[in-house]
Amino acid sequence: MRSFSGRDILSLKDFEREEFFRIFEVAKELEPIARNRRNSDILANKTLVTAFYQPSTRTRLAHEAAMHRLGGHVTGFADAKMTRAGDFYQESIKDTVKMLEFYGDVIVMRHFQQGAPQEAARWASVPVINAGDGWGEHPTQILTDLYTVLQEKGRIDGLRWLAVGDMRMRTMHSLAYALTQFDCPITFVSPPDMSLTEEFKAELQKYSLNFTEADHVEKAISQADVILVEPVVQPDYTKSRQEAGEHGLTPANYKITRELLSSKAKSDAILLHSLPRMDEVPTDVDITRWSRYWQEAFNGVVMRMSLLALILGAME
Ligand code: CP
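Following my numbering, the numbering of the sequence shown begins with 343 at its first residue and continues without gaps.
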């Protein structure tokens, strides 16, 4: 297995099976620190730099919380408008990271351009973590989801997935790449104009992912052990920001309701949503036995603790 020390986390493509399990193993070891709401000194001399060119609640703050739990420091920006990248100068990624690398020991970047974290990693002398790039990938979110499955179901292999939402989403790309390393058949349900591209499907076939597509959640939910939902009513991820405005409602084909779960889902299936949500998972689902999104929130901190400890060489 490759060492994580000093490594960029840009994509789950070509991430090896043992590497997933090593991250989950370290997460389990560090979990009591977060569970007991204590801070440790594992990364006492290290600093995380957050470079967020798009809005975020969970991903940025979970990385920051993880760093605090490990005793490290945090600096950075949550709105590129307040930097030279977001004003008259439109400073390049290269020029920006050639500064940021001296302000800390690891950079976590979210960007509206697909490939921006890869460009940052090309120039930075410190590791770069992809916190979501355009429609590209969102590796730390899917690591969180897989860790949640392992925690909740005790295994990953042998579980059947249902993924509902916009298949252009970065989370869906990371999910599909990740599942190529496990024995996990998956059914994708999306609106036709948001379906997997032919190019991406060809790539998944090359990786032997066992996948099918369906046009309505009702057709696939009864077989699913893990139901992962993302919105189909959502902003354009290639834009730096979109304000709230007029939007439609989620069609029944892509909605997970309490009635649907009660009548069709396995009684021990689990429901994941990375959030934020629109109306695709109504709030009355929160208080059912299927929902696990609040557990995902906690696991999101623990999983980033694991990644930071591994990348910064505190754990091997
Ligand atoms: N799930 C997710 O990426 O949330 P944020 O956009 O709030 O970081």
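C-beta atoms are modelled at their ideal positions from N, C-alpha and C, and glycine is treated no differently.
Values in this document were obtained by computation on a predicted structure and should not be read as measured data.
{"Asked": "Going straight from the alpha carbon of Arg631 to that of Thr625, what length do you get?", "Found": "13 Å"}
{"Asked": "With which residues is Thr417 paired in a DSSP beta bridge?", "Found": "Val391"}
{"Asked": "Given a threshold of 16 other Cβ atoms within 10 Å of its Cβ, counted over all protein chains shown, does Tyr519 qualify as buried or as exposed?", "Found": "buried"}
{"Asked": "Using beta-carbon positions only, say whether Leu521 and Phe366 come within less than 9 Å of one another.", "Found": "no"}
{"Asked": "Could you check whether the Cβ of Gln483 sits closer than 8 Å to any heavy atom belonging to the ligand CP?", "Found": "yes"}
{"Asked": "Measuring alpha carbon to alpha carbon, tell me which of Asn387, Trp503, Ser616 ends up nearest Met511.", "Found": "Ser616"}
{"Asked": "Might you give, ordered along the chain, the residues of its own chain that have their beta carbon closer than 7 Å to the beta carbon of Trp465, omitting 5 neighbours on each side?", "Found": "Lys436, Val439, Lys440"}
{"Asked": "For Thr539, count neighbouring C-beta atoms within 10 Å of its own C-beta (all shown protein chains included) and say buried if the count is 16 or more, exposed if not.", "Found": "exposed"}
{"Asked": "Where are the beta strand (DSSP E) runs, 3 residues long or more, that stay fully inside the stretch 499 to 547, in chain order?", "Found": "503 to 506, 528 to 531"}
{"Asked": "Straight-line CA distance for Asp350 to Ser604?", "Found": "42 Å"}
{"Asked": "Reducing DSSP to helix, strand and coil, say where Leu603 ends up.", "Found": "helix"}
{"Asked": "Nearest to Pro397 by CA position, among Ser648, Phe419, Arg379, Gly500, is which residue?", "Found": "Phe419"}
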